[in-house]
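Novice: I'd like to ask some things about the structure below.
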Amino acid sequence: MSIQHTVHFKIIRPHETKTLHGLIFLEENQQPTVEDYAKCLKLCGHDVVIHDADKFIFKAQSDGDSYLIDVLEDFEKRVRDLDAENLSRSFQKPNPSF
Numbered sequence: 697m698s699i700q701h702t703v704h705f706k707i708i709r710p711h712e713t714k715t716l717h718g719l720i721f722l723e724e725n726q727q728p729t730v731e732d733y734a735k736c737l738k739l740c741g742h743d744v745v746i747h748d749a750d751k752f753i754f755k756a757q758s759d760g761d762s763y764l765i766d767v768l769e770d771f772e773k774r775v776r777d778l779d780a781e782n783l784s785r786s787f788q789k790p791n792p793s794f
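Next comes the structure, spelled out in structure tokens:
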């Protein structure tokens, strides 16, 4: 039985950086390989070649422009605690004067 694995990756261009995600399907207890990541990136529309297999970094081309794609193996989505933020705002002065 295959399970869905979300792949988070960062596209690094000279003037911008974006964090995106894709999906790969793996068998239970199977770890993704560099080839699995490459296949996912190609399905997402990136023409990639492996740049650094140990760090899962790929080099891609688009309209003559080359850029890097870094697969984020330890990506954790930031979670905001809105209750804690509201509580901390209640202790702040509305118009602080310095």
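Count along the sequence shown from 1, then add 696; that gives the number in our numbering. Where a beta carbon is used, it is the ideal one built from N, C-alpha and C, also for glycine.
Report the residue from Cys740, Gly741, Ser762 and Ser784 whose alpha carbon sits nearest the alpha carbon of His747.
Specialist: Ranking the options by Cα distance to His747, first place goes to Ser762.
Novice: Could you please give the first and the last residue of the uninterrupted beta strand (DSSP E) stretch that includes Ala764?
Specialist: The sequence shown places Leu at residue 764, not Ala. Asp761 to Val767 is the span of the beta strand (DSSP E), which, as asked, contains Leu764.
Novice: Go through its chain and collect everything with a Cβ distance to Ala749's Cβ below 8 Å, but skip five positions before and after it.
Specialist: Excluding sequence neighbours, Ala749 sits near Val730.
Novice: Three-state secondary structure (DSSP) at Glu724?
Specialist: DSSP places Glu724 in coil when its eight states are reduced to three.
Novice: Please classify Phe721 as buried or exposed, where buried requires at least 16 other C-beta atoms within 10 Å of its C-beta.
Specialist: Exposed.
Novice: Just how far apart, CA to CA, sit Ala756 and Val745?
Specialist: Taking the straight line joining both Cα atoms gives about 6 Å.
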